[in-house]
Amino acid sequence: MAEAPLLSLRGVTKAYPGVVANQDVDLTIQAGEIHALLGENGAGKSTLVKMIYGVVEPDTGQMAFNGKPYFPKSPNDARATGIGMVFQHFSLFEAMTVAENIALGLPGVVVGRELSDEIISVSENYGLSIQPDARIGTLSMGERQKVEIVRCLLQQPKLLIMDEPTSVLTPQEADKLFLTLRKLAAEGCAILYISHKLEEIRALCDAATVLRQGKVVEQCIPADETAATMAQMMIGDTPVNRVARVTRPGEVRLVVDELSLPRIETFGVDLTNISLTLRSGEVLGIAGIAGNGQSELMQALIGERRSPRPTTIRLMGNPVGYDGPEKRRRKRMAFIPEERLGHGTVPVMSLLENTFVTARDQRKLEKAGFMNFAAAARFADEVIEAFRVRAGRAENSEAGSLSGGNLQKFIVGREILQDPKVLIASQPTWGVDAGAAAEIHNALLTLADAGTAILVLSQDLDELRTISDRIAVIAGGRLSAARPAAKISVEEIGLMMGGELELEAAE
Amino acid sequence: MIKLVPRTRSSRSLVVLTPVVAIALTVLASAILFAMLGKDPGPAVLATFYRPLTDHYALTEILVKATPLILIACGLSLGFRANVWNIGAEGQFTMGALCGGAVALAFYDVQGYWLLPLMCLAGVAGGMAWAAVPAFLKTRFQTNEILTSLMLTYVAILLLSVLVHGPLKDPEGLNFPESRLFHDSAILPLLFDETRVHIGFLIALVVVVVTHIVLWRHIFGYQIKVQGEADRVARFAGFVQNRIVWRCLLISGGLAGLAGVFEAAGPVGQLVPALPTGYGFTAIIVAFLGRLHPVGILFGGFVMALTYIGGETAQMEMQMPKAVTSVFQGLLLFFLLGIDFLVRYRVVLTTRRRSAEG
Amino acid sequence: MDMATLTSIVAAVIVASTPLLFAALGELVTERAGVLNLGVEGMMVMGAVVGFSVTYESDSHLLGVLASAAAGAMMALIFGVLTQLLLANQVATGLALTMFGLGASALWGQSYTGLSGKLMGNVDIPLLSEIPVIGPLLFRHDPMVYLCFVLLVAVWWFLTRTRKGMILRAVGENHGAAHALGYRVVMVRLAAIMFGGACAGLGGAYLSIVQTPLWADGMTAGRGWIALAIVVFAAWRPWRAMAGAYLFGGVTVLQLHAQAMGIEIESQYMSMLPYLVTIVVLVAISHDPTRARMSAPGSLGKTFFSTS
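Residue numbers (the numbering used here), protein chains in the order written: chain A, 753 to 1259; chain B, 13 to 370; chain C, 186 to 493.
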């Protein structure tokens, strides 16, 4: 290729206290190319892209755009150069209109008839219909992403960066997005597509750069690879296969009976007639894209939110719908929430102090209101040892100072060592390195073998297919019937998540 | 360029050092203030901040002033840690004085050891009742407690005024708006003769110890800390937020009310409209000065009391207005807030390396 | 009730409400940018003392008004530096500002207590003030009343129709997103904070220059706190702030005229009314959670810390 590349990075490095996010990265993107940036969570994709977009500056290295040196000091510089970006976590203003949000992203633009017309014409051109006067808060995730894209397109970018765009889309919405991106590429706009979804990259992208732990490990052409070979580049080892488990589910431990809850958050999801049955010794996985009712369901199961009737949730026959989390734990339920910091643990408190969050009753950490620090220390040490948590001493290590994987192991260990009858976990290995994730999966399966009933909510289909006996799908606040994991296909799950296939009501 | 980077752990040494530096800066700023007002800064600063520490009577006055500050601030610190902002302590203080004082006046011709404890109970109850209103409004209607507790402060002060002008006025007095002087059974016993230091000071010390135990050894203190640091974790742990709000407001209201009845039955000795002198607001500063820690509050109470005495000295010897005390106190809090960030953040000088001129 | 009484009552209400509206408009802009400044009382009282003293010394109302705005803005700048640059807690800093303002104003006003200033005369707006009935009622007031109304329109226009106003609203709604877009959150907030201080200063000056041309220690008497309540009452919208200011001003006037109207209550109970009404209003707004959340700026009171 004699053409100068559109964007080229050479030896780019960025370090933060305690971690090197990017090490000596080289990257080359041609005009009109759809280029994938591939890597697991924490591989350094987001940091690299922040540097390209001017949000942070590299410590060392060179960047060039269209042959000229490129040193953006801010996103404004990046946009002026011709780079647009759609973030994974949208920077939108919920209480303001589509037109206002777009105007905020464009320098010097005022909201008015002219802008509205432009918005409509551009959006229709690329098949992204949106209403300029709608308030963002009323739009779905897919529609909000369209607003983000239109905002970028109005500046006629030469390079469009998409950060994990399909993480909030249904498979059908993702297909529509791909059409838009292909049209853009055909017109000469390059796309930098960040993802860890291998099939998508194979379907969409012309070239790929693979990052692992901050370094470039591979550059390839996705069409020439298989999902398996790309996964190997990403993870470095052969992916773990599904553990063959012989399960003989025992007595019914947990029943959710037609749970319907109206949303509290303005942008929350109503739960409608959710029913499920969980037996001793089995792992039930609930698949779903974030924002489809998982948080609301967790709140109801934990007891942070009261159910409509006490019998809506029954623990071994016992109605617990009105019970708070403390009472449910006394009845031997345990919970692992989605966010480790700020929900599962207090970041500024030590691991020892954090044992009091859930284990007060089970491990007798409290006597007449006074805290028993000796007992808590013993428990914390037990957890740290049994689950190989890499931390200092329990009373000195602040939860916030642990790595994601280690903290998650601590939280999982804290719950498992309370010997619960029912364990409910949400995104148990999100943001956790592969090694720790495997340990956590093993621990869960061991617990199930010992008789505990386990419910796992996760966005990661691979995870669910690895550990679950049965899988159900949550979409739009409704739950499908649970089917044996071996018998359900990815296509079926994908379609159900988009609401296409008729969801059968659970028994 | 300068960047602020959050510390992973608060710097222990700076936590203690910053209030000291803030105090030093306040003294410095006061010197400048004196100079600007045409007074000789050196002697003025000495008279204001140093001499009270060497004068025996002034020292006892510091104890007298510190007592209500410590009592109220300990109560407030619990709430502040849990993000419950009781700004109406002045009103609860007033109601405590009013209720306790009313009991004293009701039995003005009766002697007995039981009267003082009864007055204290009434004072605590009065303060609690006044704090119960913002507690109820917050838990039931999600109404912000800052504004409700504050509005009630003005109501309480007006209530004291109207009652002292009317039903509680001394019938044998000269029609001045003040109550009878409290009789012997209704006056707090003194700790040291020839001073105004009363047993309230001992009670304040006890409250400091109890607050410490609650915060670090009791589950209620743990609930407060978790609620304040990460309220989602508090909910996850099963701590009921409403209960925490009620308890914090009632405790701080009760302690403020107790401080109020102590003030009425101690240094003042009667009910007058001018009884509330701002301890409820100053206690907020004491709580922050002491970093919401009971021992810190103990010292902070002494420091603030010193600014009161110093202000009085400045008033008498240098003809400054009474308000100069507020200026000292405001400055102290400004400096404390200003350098507090050093405790939570590190100042980092970064150099940017570029491989070509930009 | 005859025309003269009606006119004097309306005038009294306007006089009572105008300082509240000045301060409320300023705080409204500050809060729309996401900052909660509890120091309104301190900024107002500084505006009052500076306004009075400068007017007295220079014999110029204009200079006094300008000085009061500057004083309020300077006070607000202290708050701005502490909370935006040094990341201090907004509640504590606001309270400190009020405390400091009350003390500093007393110090400043020491030599001005008891002096009486020059009355700011009314200005009849030509033509409009000739309209029967409405004319004398609405168009024969002191210039600061007109300034206040102009300010109201300007604030409304700025927030809803200009790009800069849109940016300010965005900063208050979601400061993280605004920063990600490249807007300078701290700069916008500092500007809003200083504007709020200037308005509070004007409100204070109204008290000491127009309402009663004199200075007295603590003459704002809690109006700054009522202004804060008005902002919430108004659901952060300028026109509703006017309604709120007039409501509270009206209650104050009612309390003053109660005795004349034959109501036999101790004056202190009447004085309690504005505060009690404020509480009732606060409960009314806050008890509906969706309504409360949709109205309030999303980042209100949260400290902005940039991680990049």
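C-beta: ideal position from N, C-alpha, C; glycine also.
How is residue i classed by DSSP in three states: helix, strand or coil?
| i | result |
| --- | --- |
| Tyr-120 of chain B | coil |
| Ile-781 of chain A | strand |
| Lys-967 of chain A | strand |
| Asn-877 of chain A | helix |
| Ile-943 of chain A | strand |
| Lys-802 of chain A | helix |
| Pro-991 of chain A | A caution first: Pro-991 of chain A carries a pLDDT of 44, below 50, which makes its placement in the model unreliable, though a value can still be read off. Three-state DSSP puts Pro-991 of chain A in coil, outside helix and strand. |
| Lys-766 of chain A | strand |
| Cys-132 of chain B | helix |
| Asn-1148 of chain A | coil |
| Gly-813 of chain A | strand |
| Trp-293 of chain C | helix |
| Thr-775 of chain A | The sequence given here places Gln at residue 775 of chain A; Thr does not occur at that position. If DSSP states are grouped into helix, strand and coil, Gln-775 of chain A belongs with the strands. |
| Arg-1058 of chain A | coil |
| Phe-285 of chain C | helix |
| Gly-486 of chain C | coil |
| Val-336 of chain B | helix |
| Gly-361 of chain C | helix |
| Asp-182 of chain B | coil |
Report yes if the C-beta distance between residue i and residue j is below 9 Å; otherwise report no.
| i | j | result |
| --- | --- | --- |
| Gly-240 of chain B | Ala-94 of chain B | yes |
| Phe-489 of chain C | Val-371 of chain C | yes |
| Ala-783 of chain A | Cys-941 of chain A | yes |
| Leu-287 of chain B | Ala-56 of chain B | no |
| Thr-79 of chain B | Phe-274 of chain B | yes |
| Met-332 of chain B | Leu-81 of chain B | no |
| Val-17 of chain B | Tyr-357 of chain B | yes |
| Met-457 of chain C | Val-284 of chain B | no |
| Trp-424 of chain C | Trp-341 of chain C | yes |
| Val-874 of chain A | Leu-906 of chain A | yes |
| Pro-1062 of chain A | Gly-1073 of chain A | yes |
**Message:** Does the contact criterion of 3 or more C-beta pairs under 8 Å hold for the stretch 55-73 of chain B versus the stretch 285-303 of chain B?
**Reply:** no
**Message:** Taking 8 Å as the cut-off, does the stretch 129-147 of chain B touch the stretch 268-282 of chain B (at least 3 CB pairs, one atom from each stretch)?
**Reply:** yes
**Message:** Can you confirm whether the stretch 281-289 of chain C touches the stretch 236-247 of chain C when touching is taken to mean that 3 or more C-beta pairs between the two stretches lie within less than 8 Å?
**Reply:** no
**Message:** Whether or not the stretch 343-363 of chain C and the stretch 837-847 of chain A are in contact is what I'm after, with contact meaning three or more pairs of Cβ atoms, one per stretch, closer than 8 Å; do they touch?
**Reply:** yes
**Item:** chain A contacts made by the stretch 328-356 of chain C, where a contact means CB separation under 9 Å
**Value:** Arg-346, Thr-347, Arg-348, Met-351, Ile-352, Arg-354, Ala-355
**Item:** Inter-stretch contact (C-beta, 8 Å, three-pair minimum) for the stretch 380-390 of chain C and the stretch 204-223 of chain C
**Value:** yes
**Asked** When you check each C-beta in the stretch 210-241 of chain B against every C-beta of chain A, which residues fall closer than 8 Å?
**Response** Arg-229, His-230, Ile-231, Phe-232, Tyr-234, Lys-237, Val-238, Glu-241
**Item:** Positions along the stretch 274-295 of chain B whose CB lies within less than 7 Å of some CB in chain C
**Value:** Phe-293
**Prompt:** Counting pairs of beta carbons, one from the stretch 905-914 of chain A and one from the stretch 816-836 of chain A, are three or more of them closer than 8 Å?
**Reply:** yes
**Prompt:** Of the residues that make up the stretch 849-877 of chain A, which ones have a beta carbon closer than 8 Å to any beta carbon in chain C?
**Reply:** Glu-852, Ala-855, Leu-856, Gly-857, Gly-860, Val-861, Val-862, Val-863
**Asked** Three or more C-beta pairs closer than 8 Å, one from the stretch 214-226 of chain B and one from the stretch 142-158 of chain B: is that the case here?
**Response** no
**Request:** Please go through the stretch 201-254 of chain B and give each complete alpha helix (DSSP H) segment of 4 or more residues, from N-terminal end onward.
**Result:** 212-229, 231-241, 243-249
**Request:** Would you list, in sequence order, the uninterrupted alpha helix (DSSP H) runs of no fewer than 4 residues that lie entirely inside the stretch 52-104 of chain B?
**Result:** 53-57, 63-66, 68-93
**Those runs of the alpha helix (DSSP H) which lie wholly inside the stretch 258-312 of chain B and span at least 4 residues** = 291-301
**Request:** Please list the segments of the alpha helix (DSSP H) lying wholly inside the stretch 1112-1194 of chain A, counting only runs of 4 or more residues, in order along the chain.
**Result:** 1125-1138, 1156-1168
**Asked** Is the stretch 189-202 of chain C in contact with the stretch 225-234 of chain C, if contact means three or more CB pairs nearer than 8 Å?
**Response** no
**Asked** What residues in the stretch 277-307 of chain C bring their beta carbon closer than 7 Å to a beta carbon of chain B?
**Response** Ala-277, Thr-278, Leu-280, Ala-281, Met-284, Phe-285, Leu-287, Gly-288, Ala-289, Ala-291, Leu-292, Gln-295
**Request:** Evaluate the contact criterion for the stretch 326-336 of chain C versus the stretch 810-823 of chain A: three or more CB pairs, one atom per stretch, below 8 Å.
**Result:** no
**Prompt:** Counting pairs of Cβ atoms below 8 Å between the stretch 1207-1216 of chain A and the stretch 1038-1045 of chain A, do you hit three or more?
**Reply:** yes
**Asked** Along the stretch 447-461 of chain C, what residues have a CB closer than 7 Å to any CB found in chain B?
**Response** Glu-451, Gln-453, Tyr-454, Ser-456, Met-457, Tyr-460, Leu-461
**Prompt:** Per the contact definition of three or more C-beta pairs closer than 8 Å, is the stretch 85-94 of chain B in contact with the stretch 344-360 of chain B?
**Reply:** no
**Message:** So if I threshold CB-CB distances at 7 Å, which residues from the stretch 1112-1127 of chain A count as touching chain B?
**Reply:** Glu-1118, Gly-1121, Phe-1122, Met-1123
**Request:** Note down, one range per segment and in chain order, each beta strand (DSSP E) of at least 3 residues found wholly within the stretch 812-870 of chain A.
**Result:** 812-817, 835-838
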